[in-house]
Amino acid sequence: MVPITYYLLLAAALFCMGMFGVLVRTNALVVFMCVELMLNAVNLTFLAFARMHGNSVGHVSAFFVIAVAAAEAAIGLAIVIAVFRSRGSVNVDDIRTMKH
Amino acid sequence: MDGSLVEFFRTAPIPPEVFSPSLGLIILLPLLGAFVCGVFGKWLGRANVHLVACSAIAGAFVLSLLAFWATSDAAGGRVVSMVNPFGLERDTIRYAIAHDYGTWFAAGDFRVNFGLLVDHLSGILLLIITGVGFLIHLYSTSYMEHDDGYWRFFAYLNLFVAAMLTLVMADNLVLLFVGWEGVGMASYLLIGFWYTDSAKAWAGRKAFVTNRIGDFAFLIATFLLILTVGAFNRQADARDYNAAGSSRARYEQGISQRGPVTFKGLEKMALALPEGTGGAVSLATPIESGPLAGYTFGGVMTAALLLFLLGAAGKSAQLPLYVWLPDAMAGPTPVSALIHAATMVTAGVYLFCRMSSLLVLSPTAMATIAIVGALTSLLAALIAFAQDDIKKVLAYSTVSQLGIMFMGVGMGVFWAAAMHLMTHAFFKACLFLGAGSVMHGNGDETDIKKLGGLWKEMKWTHATFLISTLAITGIFPFMSGFFSKDAIFHGVHHNHLHGLEWVSTFVYVMGLLITASTAFYMSRVYLLTFTGKRSKEAKLAHAHESAWHMTLPLVILAFLAFVTFVYALPLMPRTGGGMQPVFENFLSPVLRPAEAVARAAETVHLDTSTPAVGDYFFAWLVALSGGAAAAFAYLKFFPSRVGQPVPAFARAVRRTAVNKFYVDELYEFIIIRPVKFTAFILFRVVDALVIDTVLVRGTAYVTEKVGLGLRRLQTGDAQAYAAIMALAILGGAVYALLQVLS
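Right, dumping it as structure tokens:
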């Protein structure tokens, strides 16, 4: 059996990659995909622990995260499309109207 | 008298034990009347409001009569009596009925019950309040016939009667205070009844604020008594309770069931406090624990009684708080008759009669009361010399007569003070209603210089005014006022406060001066208003006599003012030989504890002699001299000098008296101005600067500036926000890691 450490290290690596993408990429669609990556890194952690403890609490949490991620993707993509229609761009650096 | 007739009067129509649970109805009826008139009066119409208001008082009068009858019930030789809740089983209260409606409120071991008590003292007052009150309601139906606020007027009047009945029937100080405040409020509402006239509205405010000072003192005094009762209960031993005809178990039971400030409980404490009881507690014993630790029982009692004096001075218009009463004449005249002459202003006298057993423990407090009464009385009488407004003269006369009652209370002649309270209610109400009738028939003219010669045009008003004037002055001796006043002055002369013997003489001499002054100013009012020729400055060429609604109460009150003198005649046997006045005999069940305390404590020597014929003759001469002086001045001296300047002496006297000895100006200078100045400073510094500027506007200013600075951080760059969040989470994770590792 693969030790849990490997799962956790893989999840941490995925999470850091996702976060890096969120912070530095400018295309909103790519930012979205990076957010999904972070969520799935968390899912991986949950499942790893669930397997270690031999119960299904982690599975439950993972399903919740998947549901939330689906909702987030639906609404987020709708927003991205709406923004693209009104501005002709999905570059996050250009969307800065919410400021003082 | 026929035996069966005696038996008839001794048997109450409704037996006391059946009637006593209905005592609350006496208060409830006028309260209901006030509610109906106040809420629905506008829709009911004038005649219905008259019906409701008058019948509520008439109903209360009938119930009061039944209650009064029940307190004198002695059917089959068995006197009505009840067990004293604070005494032993065999210790009964005779000639009284009571009903306890249960706890009103309780906090910790302190409680107040809604308990009503009617004995001979409160019974008399019940009859005065509802009886005179009914006559004045009847009178008002005619007097207020042109006023649009009739429903408001009758609602207030009924409310007043309800509050006053609560005051006299309360069996404890707190419930009495409810009535005390209630009458104050009703008085305020009625003085400022014509509130669109700002002078009248101010008069109402002046009365209210002045009364408030007194009420504050009343409350503090009540708190002192509560603490004293607690201390007494902790320190007293069996001999103390024994001297009061009680035991520790019974007394504590009484306090836990009825509360510490019932009059019967206070009476028991007063009986236990004199030195002679040999118990652990006496007047000189220091209080051991509690907030009053270190002070003696006697000292606390004196302080409490002096505070009660201040409270009573507010309500009963004595020095230094009498200034509101003359201004209170701004209200409608029936109000002046009912509230500011017959009933409310006598509340202070009633309070001291009710607490007579405590009062006789402190000669200092008694002397203060007597001296305050004497000074007030003389000052008010002198001011009344030169007032031209007929109602103002009567107002100062009321202050003066109340001062006489205070002299009586202060020197321990409680029965005479209570009797003067009763006779004064009759003749002063009659005088005020007579003045109202004069105003009604003369186009609201109140200046006696512009009246005159009314005896031909207003026959009934004239006759009743004359009888009442004779009663108040004592110029014709066989009138109630002569006898009640003389009873007070006789008692004042012969009672002695131990250690303060000079007070008797001082107060007695003042009393003689007051008698002469009263005769002078009342004769002056009568002569200028009713005799002589009609003044050329009169508003109407001919006065008209008032309707029967107004004259009938006058006739009844004048009749009562005449006949009640029989109560002062020594017709009843005294225990221990001799005869005593009817009224003293009548009140003896109420005042016996005070006599017992005075005897045991040796603080007051209460004289029981009755005036001899020579004493009466002397008093008559004094009154006659005042009346004769007025007759000389206003029938002979001034009329013969028409067109000539008034002598300088008379002018100087008049100027001071007209200006009321500058008391209002003095108060303006030493109290109102400094208070106004302090208020101004507080307004400018505390309110305008600290609260408005620093706290209110300062908070807004700081919030705004901080917000302006912080909004620079809001760049709109979502990734920058995300970076900050990530760094924060990283920081948190590092911290958690360090915590785990260390």
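As you go down the protein sequences, you meet chains C and W in turn.
One rule links them: number in the working numbering = place in the first sequence (from 1) + 5.
One rule links them: number in the working numbering = place in the second sequence (from 1) + 7.
Think of the CB as a built atom: it goes at the ideal place given N, C-alpha and C, for glycine as much as any other residue.
Who are the neighbours of residue i on chain W, taking C-beta pairs under 7 Å?
i, result
"C:M43", "Going along chain W, no residue has its Cβ under 7 Å from C:M43, so there is no contact; the nearest lies around 10 Å."
"C:V97", "A725 and Q726"
Using a Cβ-Cβ distance under 8 Å, would residue i count as near chain C?
i, result
"W:D724", "yes"
"W:A733", "yes"
Measuring only between beta-carbons, confirm whether residue i sits less than 8 Å from chain W.
i, result
"C:M103", "yes"
"C:M24", "yes"
Determine the chain C residues that contact residue i at a beta-carbon separation under 8 Å, and present them in chain order.
i, result
"W:A7", "With chain W covering 8 to 749 only, the question about residue 7 of chain W has no answer from this structure."
List the residues that DSSP assigns as beta-bridge partners of residue i.
i, result
"W:T99", "W:V90"
"W:F117", "W:A114"
"W:T303", "W:P293"
"W:D671", "DSSP lists no partner for W:D671."
"W:I227", "In DSSP, W:I227 forms no bridge with anything."
"W:Q587", "W:M579"
"C:H64", "None; C:H64 has no bridge partner."
"W:V69", "Paired residue(s): none; W:V69 is not in a bridge."
"W:A454", "A quick correction: the sequence has Asp, not Ala, at residue 454 of chain W. Beta-bridge pairing links W:D454 to W:D396."
"W:I104", "W:V125"
"C:N32", "C:N96"
"W:H427", "In the DSSP output, where bridge partners are listed per residue, W:H427 has none listed."
"W:V611", "W:L504"
"W:T269", "W:N179"
Using 8 Å as the threshold, is the C-beta distance between residue i and residue j below it?
i, j, result
"W:L504", "W:A319", "no"
"W:G283", "W:A607", "yes"
"W:P596", "W:R17", "no"
"C:A75", "C:L49", "no"
"W:V629", "W:T512", "no"
"W:Y108", "W:F121", "yes"
"W:A169", "W:L38", "yes"
"W:G221", "W:G211", "no"
"W:V190", "W:A393", "no"
"W:L415", "W:V330", "The identity of residue 415 of chain W in the sequence shown is Gly, whereas the question assumes Leu. No, the Cβ-Cβ distance between W:G415 and W:V330 is not below 8 Å."
"W:K275", "W:S254", "no"
"W:V185", "W:T173", "yes"
"W:H347", "W:A337", "no"
"W:M465", "W:E552", "yes"
"W:F433", "W:L564", "yes"
"W:I397", "W:T453", "yes"
"W:S487", "W:A568", "yes"
"W:I143", "W:M171", "no"
"C:A72", "C:G63", "no"
"W:I455", "W:T536", "yes"
Closer than 9 Å by beta-carbon distance: list the chain C residues that pair up with residue i, in chain order.
i, result
"W:Q746", "Those do not exist, as W:Q746 stays about 19 Å from chain C at its closest Cβ, beyond 9 Å."
Does any CB atom of chain A fall closer than 8 Å to the CB of residue i?
i, result
"W:L166", "Protein chains in the displayed structure are C and W, and chain A is not among them."
Whole beta strand (DSSP E) elements within the region 494–542 of chain W, 3-residue minimum: none
Identify every run of the alpha helix (DSSP H) within the region 175–235 of chain W, keeping only runs that are complete inside it and at least 4 residues long; order them along the chain. 180–198, all fully within the region 175–235 of chain W.
Jot down the residue ranges of each uninterrupted alpha helix (DSSP H) in the region 699–740 of chain W, minimum 4 residues, whole runs only, in chain order. The qualifying runs are 705–717.
Which runs of the alpha helix (DSSP H), 4 residues or longer, sit entirely within the region 321–347 of chain W? Listed in chain order, they are 331–334 and 340–344.
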